[in-house]
Amino acid sequence: MLQLNIINEDPQKVEELLWIKNFEAGSLISEILDLDNCRRETQKKLDDGLAEANRLAKEIGILYSSGRGDEANELKQKTASLKKGTQTLSAGLEQIKLSLEEKLLQLPNIPHPSVPPGKSEADNEQVAMNDIRVELDPGALPHWDLAVKYDIIDFDLGSKVTGAGFPFYKNHGARLQRALINFFLDEAIKAGYTEYQPPLFVNEDSAYGTGQLPDKEGQMYHITEDNLYPIPTAEVPLTNIYRDVILAKDQLPIKNVAYSNCFRREAGSYGKDVRGLNRLHQFDKVEIVHICHPERSYTVLEEMRNYVASLLEKLELPYRILKLCGGDLSFTSALTYDFEVYSAAQQRWLEVSSVSNFEAFQSNRMKLRFRGEDGKTRLAHTLNGSALALPRVVAALLENNQSGTGILIPAALQGYTGFDKIA
RNA sequence: GGAGAGGUGGCCGAGUGGUCGAAGGCGCACGCCUGGAAAGCGUGUAUGCGUCAAAAGCGCAUCAUGGGUUCGAAUCCCAUUCUCUCCGCCA
C-alpha cells in the first residue's frame, strides 16, 4: 500500500511513475485525494463534537457529586443531540476510511527509476548471464521422462493420491530434494541469515499483511473451517513476524531464511508451462527475507542478487538475470530481478528465483516500523527472494546433467546427496 | 472436546462507573553528584490521527478485538480471539 503522504506531496509524479507499470492512476489518485480531504474534514468535526461531549460529561459528574442533580439533568438533554451528531459523523468517517483504504489498495507500488519500460516479459532487460553452456545429445530427455526412466519422481502416483501438481519424489529423487534443501539452508546460514521454521498455515491478517489478500484468492488455498491459508511462500509467515512491530534501531538489518512447502492453487494455468515440475500445487522453496533501513534497501537488493547468483554458480547451472520491465513487475514490487536457468532438454528458460525490493509498500500495510536516529518511527523497507525454489532447479539439474551413464550430481551437492550420480 | 481463570504501557503490576493515558516498581534516556563507576537524587520515557509552514502546544482515539448499556467505561453486558490451569483425547 502506497503511503498517503507520498501521493499528497506530488500526485503528478506518482501518476507519471505508475505509467512505467502501464497503470493508469489518474482518476484513482484524484479519488484518493478527495477522500482524504473529506476524511480530514469529517475527523475535525467529529473530534470537536467528541471534545464537547467529553467536557459536558465531566461537568455532569461534578454537578452530581456536588448534589446539584437538577442542573446535571439539564445538561444531559444537551448531550443527546450532540451524541446523535457524533454518531452520524463517526459512521461517515468509518465509511470514508474504508473507501480510502479500498482505493489505496488498488494502487500498485511505484517502480524504481531504473526499471525499463515495457509491456511484457519480452521487454525485460537481461543484466547478467554466466558462461555455462550445455550441449545435449539429440536423444536427450525432458525431466518428466527422466523421472520415469530413473524412478525418482512419480507424477501419476501423485495424481492418484492427491491430484495433478502433487508429485511423489522417491529414491534418489527424494534424497536429491533433501540435499538441495539442506544445501540452500546451510549456504544461507553461512551468509549470515537466521533460520526459521515457520507455520505452513497463516491467518487472514497475515494474508493481508503481505498482500495475498484481498483479490489474489486464486493463488491460495483456503481452509474455510478454521479460516486459515496454507502459505504460497514462506515470505508470508516470515515477513508477518514483524507485522505491527516497531523495531529498535539496533535490530536492523534483519536477514531471515526459511525452508517451507509452498501451496498454490495456480487457477488458470495450463499447457506446457505446467508439464512435469514446471508448475506444481505443492513445492519446496527456501526463501530469504530482508528488513532494512530505507537508505540501504538497494544495496541490500544487490547483495541478495549476488547471493542467489552464487548458489546457481555452485550448482553449475546456466543462468541469466533479468531486470523486470514495468509491465512485468509485480503489483507490490519496486524493482525485481528474475533468475532463470536454462533447461537444455526443454530448450527454454525456467524461472527459479525472483528477488524484489518492495521498499515501504509492504511495511506500510503491515505497519512495520523502526525507530529512526531522531527517535521517530519510520517505515522499514522489506525485500525478499527465493534462494531457491526447488522444482525447476531439479528439472534443470536432471536435464542438463544427463549422460550416457546417468545423471551427474554437481560437486557442491555430493556431500549432501551421498551419491555422485543417479543411474 | 468439557470446566475454570485471565489478557492493562518496553517489562512487572495497581486500578470494579467520573478529574485514569492510566498509581507504584523495573528498564531505558538525559542531568546532578563522583577522580571514575555504583548507589543516591532529579527530569523525562506509548502509538495513530487531526490542528500547525514546522516544533511546542492543544484536540480526538486506543487498557486483546468488535459491538452494546450510560451524560460518562480499563471498570458493567454480549460476541470473538488468545494465554494459563484442571479433566478428556492424543503424536
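Its first residue numbered 925, the first sequence is counted upward by one per residue in my numbering. Quick reminder that beta carbons are idealized off the backbone N, C-alpha and C, glycines included. On a predicted model such as this, the values are computed, not experimentally measured, just so you know.
Cβ-Cβ separation, residue j to residue i (assumed contact under 8 Å), whole Å
i, j, result
"V1181", "E1211", "7 Å"
"L1235", "Q1050", "With a Cβ gap of about 19 Å, L1235 and Q1050 do not count as contacting."
"W1068", "G1200", "4 Å"
"V1213", "L1162", "5 Å"
"T1306", "I1215", "5 Å"
"A1284", "P1218", "7 Å"
"L1292", "Y1166", "5 Å"
"Q1286", "T1134", "6 Å"
"Y1074", "I1346", "5 Å"
"Y1340", "N1281", "So it is not a contact: roughly 31 Å between Cβ atoms."
"P1032", "L942", "7 Å"
"P1066", "I1077", "Actually they are not in contact, since the Cβ atoms of P1066 and I1077 sit about 12 Å apart, beyond 8 Å."
"I1155", "V1126", "6 Å"
"S1044", "G1251", "6 Å"
"R1057", "G1342", "The pair is not a contact, with the Cβ atoms about 29 Å apart (cut-off 8 Å)."
Secondary structure of residue i, DSSP reduced to three states
i, result
"K1084", "helix"
"T1003", "helix"
"N1324", "helix"
"T1010", "helix"
"K982", "helix"
"F1108", "helix"
"I1333", "coil"
"K1094", "coil"
"F1125", "strand"
"Y1120", "strand"
"L1307", "strand"
"L1312", "strand"
"D1069", "helix"
"I1076", "coil"
Length of the line joining the Cα atoms of residue i and residue j
i, j, result
"K1361", "L1312", "Residue 1361 cannot be examined here, being either before or after the span of the chain that is shown, 925 to 1347."
"V1317", "K1094", "17 Å"
"L999", "Q1011", "19 Å"
"D1298", "N1325", "55 Å"
"V1265", "L1060", "15 Å"
"G1296", "N1288", "16 Å"
"Q1101", "A1335", "16 Å"
"L970", "D960", "15 Å"
"I944", "L1259", "12 Å"
"T1118", "G1042", "37 Å"
"S1278", "E939", "26 Å"
"Q1121", "N1054", "32 Å"
"A1304", "L1314", "30 Å"
"N1230", "G1087", "37 Å"
"F1191", "N929", "A small correction: the amino acid at residue 1191 is Ala; Phe does not occupy that position in the sequence shown. Looking at the two C-alpha atoms, the distance is approximately 36 Å."
"Y1183", "D1150", "24 Å"
"K1027", "Q1338", "52 Å"
"D1129", "L1332", "45 Å"
"F947", "A1158", "29 Å"
"R963", "P1242", "54 Å"
"Y1348", "L1322", "No answer is possible for residue 1348: the residues shown for the chain start at 925 and end at 1347."
"F1255", "L1109", "28 Å"
"P1037", "G1309", "21 Å"
"Q1271", "L1253", "24 Å"
"E965", "Q1143", "39 Å"
"V1224", "A1268", "32 Å"
"I931", "F1294", "22 Å"
"T1301", "Q1175", "14 Å"
"P1123", "I1113", "20 Å"
"S989", "E995", "12 Å"
Length at least 3, wholly inside the region 1180–1243: the beta strand (DSSP E) runs in chain order: 1206–1216
Those runs of the beta strand (DSSP E) which lie wholly inside the region 1235–1300 and span at least 3 residues: 1243–1247, 1259–1267, 1272–1283 and 1293–1295
Every unbroken beta strand (DSSP E) within the region 1016–1057, with a cutoff of 3 residues, ordered by chain: 1049–1053
Contact the region 1037–1055 vs the region 1245–1262: 3+ CB pairs below 8 Å: yes
The region 1205–1221 contacting the region 1170–1189, beta-carbon criterion three pairs below 8 Å: yes
The region 1003–1018 contacting the region 966–980, beta-carbon criterion three pairs below 8 Å: yes
At least three beta-carbon pairs within less than 8 Å, the region 974–986 to the region 1017–1035: no
Runs of alpha helix (DSSP H) wholly within the region 926–1003 (minimum 4 residues, chain order): 928–933, 935–943 and 950–989
Complete alpha helix (DSSP H) runs within the region 1129–1179 (minimum length 4 residues, chain order): 1159–1164
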